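A.B. asks: I am attaching a structure below and will ask some questions about it afterwards.
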Amino acid sequence: MPTWTKFSWRRVAQIALVFVALFTLMGVGDDDARFRTLGHHLMCVCGCGQVLLECNHVGCQYSDRMRVELAAALDRGDNDDLTLQSFIQKYGTTVVAAPATTGFGRVAWIMPFVVLLVGLTLVVMVVRAWRNRPAPALADGIQPLRGAELERFREQADKEVEL
Amino acid sequence: MSQFSSVALPQIGSFALLLALGLAGYSFIVGAMALINPGPVSDRLTETARRAGIAVFGTILLASVVLVTAAFSDNFSVAYIFHHSNRDLPGPYKFAVLWSGQEGSLLFWSLLLAAYGFVLRLRYKTDPRLFAYASVVIAGVQVFFLLLLNIAAHPFAILEGQVPPDGSGLNPLLQYPEMVIHPPMLYLGYVGFTVPFAFALGALIMRYPGEKWIHITRRWTMVTWGFLTIGIFLGAHWAYSVLGWGGYWGWDPVENASLMPWLTGTAFLHSVMMQEKRGMLKTWNMWLVFFTFWLAILGTFLTRSGIISSVHAFAQSSIGSWFGVFLIVTLATFIGFYIANHSHLRSEHKLESVISRESSFLFNNLLFVVACFVVLWGTWFPKISELVQGSKVTVGAPFYNNVAVPVALLLLLLTAVGPLLAWRRTSLESLKRNFMWPSVGALALGVVMMVLGIRPWKDISYFYSLMAAMLAALVIFTVISEFVRGGRVISRHSGFALLPSMMHLWHRNTRRYGGYIVHFGVAVVIIGILGTPFNKESEKEMGFGDKINIGPYTLVCQSYTQDDNPNYSNEWAILNVFKGNEQITTMYPERRLYKASSQPQTIPRIYPTYAQDLFLVSDLYVVYEGRNEETGRPIIKAHLNPMVPWIWTGLLIMIFGTVTALIPNAAPLPARVTARVQPAAVGAGD
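Read top to bottom, the protein sequences are chains A and B.
Mapped onto the numbering used here, the consecutive letters of the first sequence carry residue numbers 216 to 378.
Mapped onto the numbering used here, the consecutive letters of the second sequence carry residue numbers 93 to 778.
Here is the structure:
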């Protein structure tokens, strides 16, 4: 009986693996991916403040034209950098929806993660300092619980609130 | 319009504002002097300062009533009324004129601050000395706003020359019912953070012993936070319902300005528990309260200075420099008092275990502050870039999606895990036990979503959607399991059924379980947001009988019609909506032309498809864009926005949770009597 159980679990795992592989392969080969990616890196310049492919601003005079220009650039075989550069030349630096990942623009991307890292370091330092701090003195006559007795009370408390 | 109305009203308003400045100045200076030199005389002076503070509310209320009266009486000799109203403006919008422009909104801000101050000064008996300090701080802030109103942004300024027969009218975007509610809610949030700040600064100055100020502040903060939350969501809903681009959040600087104090305020609502229960994070809380207040002012500076371009900021004006100075003064004041008095803010307890509620709050606060930094950084970076390299850059949705969304996902994870951690120490065993079923549920949801076609490797937005859905589900499952576990313990001890036990559990610790309901609401909001990558849209010139297909729905043009009223003329389409062969509704997207301002405005129509799909509900969102100039045919744009209605449902749950968290706790139920009754002996009692 234990052998059969082991076998059935293995079979279930194999079937799950086949499903995962199947769904992974189903995502391959999307022809519009570059258009979608680049379209999400450009802003509509009508003043709506929307990403080009998400601009559905009422009466927008720009987004349709810009989408056509983007599609034409991809049809010409321009690479991503060249396409973005041509938009920057025509519409200015603000047409790119996010700071560049080169030059000073890199600072925009790095800074939040630097802050997160510094914050994490500080929190870890605070946790360490607090853990190493001596316990506050108890009032006279009170004996702190330790070792097995403390564990027994904790187990009892856990038992009382468990499902 | 009578002579009295045109001449006397503005003068009464101006005088009321001047008197308010005098009273606030008295309350600030005399109140501060009395606190610096304590004694019997100073007690009486403190009392006069308190009463002057109360009177400030009366005078600003008078000025506000005068401005609204001027709007209702079409007093176009007042420049502000001329620029923001017209004769045919409907009554509710004439009332909303109070907060529709620069000067009026500053007056409204002062009115709300005076109202908060009024309540605070009436409740002074809770702790007269601490309240006296808080009253002085509030008076200081009032002096700043009243100086602005009396000097730089006077709402009762008179137009030069001939009084025009009609006003320029209210901006059409603002002529929507939510505009009557959204700004008051947002301002109640912004202004309300002055109160916790006033208590914090007061406590810091007087080296307040104990945590009582935190208890007093917590309730104010929750109320304020609730208002700000409602204000932010109403703003998003207003944008969604009026702007006609089908979205509700665009990471615009003005939107970001409201989000920043909300993030630090939320962090404070969590970390304040550390101070209350464990005497920890005293310094941190002090700074968090200060920065929440400071960011609210910074947001006002952003929207009114014109320093950062935004699609819906107020007009550029000189008052930005006033706010700049005020920000520096408040920062310097707070730093000064902190350096002088920080020694009494040491933590009292040690951390017993890393796996504990305490450490989860530390990480939660870190993530909230980092999220706030991301928003602040993204908002200011175009300006920084301009200063450093001479050219502006755009920091739009792709930046926030790549930087803020991962932080938000981590926060969501902590929202799920945090409630399962006990104070002081949690055993890994109990964490595993409590976490297993919610995790299994969340993973199962993830698998189902992948099977249904949401493949995280296909697009980064799909990955975020999948992660957000799983984590939101995790939050929901852990909240439910917390209620059930607690309910079962009470049920076991009291003998009541599970549901009444859960209700009692909630009523016995309203703050904790109200907070869990807020978490539940946040998870529902996240579920609403994660539908964004699956939005569909379609645009078409539509004649009679023409169709637009979008998702499973078909819109058929039945007719177009026109109307006219004194305020605007309009055109609208009549569209029948079908799902399959069944007609499910008729929609009337509209386009208006406001006469006073000659500005057009679309009024989209939104149909949430609850009746068709309760859980995977979508908004069918239809815009009448106008006519094609060449063909004369009307253009209709339709959007299908999945899950958006969940966002507003989540807000309602969050409000409900906040309100219940404010209800006082009930007494515990008596335990079931379990002592065995001894059988009476024969003849006993004889």
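Note that beta-carbon positions come from the ideal geometry of N, C-alpha and C, so glycine has one too.
The model shown is predicted, which means the values in this text are computed figures rather than measured ones.
For Arg299 (chain B), I'd like the list of residues in its chain whose CB is within less than 6 angstroms of its CB, leaving aside the five on either flank, ordered along the chain.
C.D. replies: Within the same chain, Arg299 (chain B) has close Cβ partners Asn433 and His436.
A.B. asks: Roughly how many whole angstroms lie between the Cα atoms of Ser661 (chain B) and Val329 (chain A)?
C.D. replies: Answer to the nearest angstrom: the Cα atoms are 55 angstroms apart.
A.B. asks: Starting from the Cα of Arg251 (chain A), find the closest Cα among A:Cys261, A:Leu285, A:Asn347 and A:Cys263 and give me that residue.
C.D. replies: Selected option, being the one with the closest Cα: A:Leu285.
A.B. asks: Since Phe465 (chain B) meets chain A, which of its residues come closer than 7 angstroms, beta carbon to beta carbon?
C.D. replies: Within chain A, the residues near Phe465 (chain B) are Pro327 and Val330.
A.B. asks: 9 angstroms is my cut-off, CB to CB: does Asp246 (chain A) come that close to chain B?
C.D. replies: Model confidence at Asp246 (chain A) stands at a pLDDT of 49, short of 50, so the residue's coordinates are unreliable; what they give is reported in the following sentence. Not one chain B Cβ lies under 9 angstroms of Asp246 (chain A).
A.B. asks: Measure the C-alpha to C-alpha separation of His599 (chain B) and Ser573 (chain B) and round it to an integer number of angstroms.
C.D. replies: Going by the C-alpha atoms only, they are around 17 angstroms apart.
A.B. asks: Which chain A residues sit within Cβ distance under 7 angstroms of Thr384 (chain B)?
C.D. replies: Within chain A, no residue comes near Thr384 (chain B); the closest Cβ sits about 18 angstroms away, beyond 7 angstroms.
A.B. asks: For Leu110 (chain B), which residues in the same chain have their Cβ closer than 8 angstroms to its Cβ, ignoring the five residues on either side in sequence?
C.D. replies: Contacts found: Asn242.
A.B. asks: To the nearest whole angstrom, what separates the beta carbons of Arg577 (chain B) and Leu590 (chain B), a pair I think is in contact under 8 angstroms?
C.D. replies: About 11 angstroms; that fails the 8 angstroms criterion.
A.B. asks: What residues from chain D crowd round Pro490 (chain B), counting only those whose CB sits closer than 8 angstroms?
C.D. replies: Included in the structure are the protein chains A and B, with no chain D among them.
A.B. asks: Name the residue from B:Ser553, B:Ser197 and B:Ile128 whose alpha carbon lies nearest to the alpha carbon of Tyr279 (chain B).
C.D. replies: Closest by alpha carbon: B:Ser197.
A.B. asks: Using a beta-carbon distance below 9 angstroms, is Glu364 (chain A) in contact with chain B?
C.D. replies: Closer than 9 angstroms: no.
A.B. asks: Just to check my reading of the structure: Gly635 (chain B) and Arg725 (chain B) have Cβ atoms closer than 8 angstroms, yes? What is that Cβ distance to the nearest angstrom?
C.D. replies: The Cβ separation is near 6 angstroms, so the contact holds.
A.B. asks: When the cut-off is 9 angstroms and only beta carbons count, does Val341 (chain A) lie next to chain B?
C.D. replies: Yes, Val341 (chain A) counts as interfacial toward chain B.
A.B. asks: Looking only at its chain, what residues have a beta carbon closer than 7 angstroms to the beta carbon of Ala288 (chain A), apart from the 5 residues adjacent to it on each side?
C.D. replies: Counting only Cβ-Cβ distances below 7 angstroms, and skipping sequence neighbours, we find Thr298 and Ser301.
A.B. asks: Classify Lys729 (chain B): buried if its beta carbon has 16 or more other beta carbons within 10 angstroms, exposed otherwise.
C.D. replies: Label assigned to Lys729 (chain B): buried.
A.B. asks: I'd like to know whether the C-beta of Val283 (chain A) is nearer than 9 angstroms to at least one C-beta of chain B.
C.D. replies: No, no contact with chain B.
A.B. asks: Hey, quick one: how far does the beta strand (DSSP E) through Ser710 (chain B) stretch, first residue to last?
C.D. replies: Looking at the DSSP string, the run of the beta strand (DSSP E) that includes Ser710 (chain B) is Ser710 to Arg719.
A.B. asks: Assuming His175 (chain B) is part of the alpha helix (DSSP H), what are its boundary residues?
C.D. replies: Segment Ala171 to His176, the alpha helix (DSSP H) holding His175 (chain B).
A.B. asks: Between Thr316 (chain A) and the ligand COA, is the CB less than 8 angstroms from at least one heavy atom?
C.D. replies: Among the components modelled here there is no ligand, and therefore nothing to report on the ligand COA.
A.B. asks: At what residues does the beta strand (DSSP E) containing Trp664 (chain B) begin and finish?
C.D. replies: Unbroken beta strand (DSSP E) run through Trp664 (chain B): Tyr660 to Lys671.
A.B. asks: Do the CB positions of Gly320 (chain A) and Gly488 (chain B) come within less than 9 angstroms of each other?
C.D. replies: Not in contact: Gly320 (chain A) and Gly488 (chain B) (Cβ atoms no closer than 9 angstroms).
A.B. asks: Note down, in chain order, each residue of its chain lying with its Cβ closer than 7 angstroms to the Cβ of Ala231 (chain B), except the 5 sequence neighbours on either side.
C.D. replies: Only Ala116, Ser119, Phe120, Gly123 and Gly145 meet the Cβ criterion.
A.B. asks: Put Glu682 (chain B) into one of helix, strand or coil per three-state DSSP.
C.D. replies: Strand at Glu682 (chain B).
A.B. asks: For Val532 (chain B), count neighbouring Cβ atoms within 10 angstroms of its own Cβ and tell me buried if that reaches 16, exposed if not.
C.D. replies: Exposed: under 16 other Cβ atoms inside 10 Å.
A.B. asks: Give a yes or no on whether 9 angstroms exceeds the smallest Cβ distance from Ala323 (chain A) to chain B.
C.D. replies: By this cut-off, Ala323 (chain A) is an interface position.
A.B. asks: Tell me which residues of the region 471 to 483 of chain B have at least one Cβ-Cβ distance to chain A shorter than 7 angstroms, keeping chain order.
C.D. replies: Answer in chain order: Phe473, Ser477, Val480, Gln481 and Ser483.
A.B. asks: Please determine if the region 411 to 423 of chain B and the region 321 to 331 of chain B are in contact, where contact requires at least 3 C-beta pairs separated by less than 8 angstroms.
C.D. replies: Contact fails: fewer than three Cβ-Cβ distances are below 8 angstroms.
A.B. asks: Give the C-beta separation of Leu181 (chain B) and Asn659 (chain B) to the nearest angstrom, bearing in mind that I take them to be a contact with Cβ-Cβ under 8 angstroms.
C.D. replies: Between Asn659 (chain B) and Leu181 (chain B) the Cβ distance is about 6 angstroms, and since that is below 8 angstroms, they are a contact.
A.B. asks: Using 10 angstroms around the beta-carbon of Gly777 (chain B), count the other beta-carbons present and answer buried if the total reaches 16, otherwise exposed.
C.D. replies: Here Gly777 (chain B) scores only 37 on pLDDT, less than 50, and its place in the model is too uncertain to base an answer on.
A.B. asks: For the alpha helix (DSSP H) that Ile230 (chain B) lies in, which residues bound it at each end?
C.D. replies: Run containing Ile230 (chain B): Pro220 to Leu239, per the alpha helix (DSSP H) assignment.
A.B. asks: Alpha helix (DSSP H) containing Asn377 (chain B): first to last residue?
C.D. replies: Element bounds for Asn377 (chain B): Lys374 to Ser397.
A.B. asks: Taking Thr316 (chain A) as the query, report the chain B residues whose CB atoms sit under 7 angstroms from its CB, ordered along the chain.
C.D. replies: Residues of chain B passing the Cβ test: none, with the nearest at roughly 10 angstroms.
A.B. asks: So the candidates are B:Ser134, B:Ile642 and B:Ala665; which of them puts its Cα closest to the Cα of Thr653 (chain B)?
C.D. replies: With distances taken between Cα atoms, Thr653 (chain B) lies closest to B:Ala665.
A.B. asks: Expressed to the nearest angstrom, what Euclidean distance is found between the alpha-carbon atoms of Asp246 (chain A) and Asn294 (chain A)?
C.D. replies: Only weak support is given to the placement of Asp246 (chain A): the predicted model assigns it a pLDDT of 49, under 50, and the question is left unresolved by the model.
A.B. asks: Just how far apart, CA to CA, sit Thr358 (chain B) and Gly428 (chain B)?
C.D. replies: Distance between the alpha carbons of Thr358 (chain B) and Gly428 (chain B): 26 angstroms.
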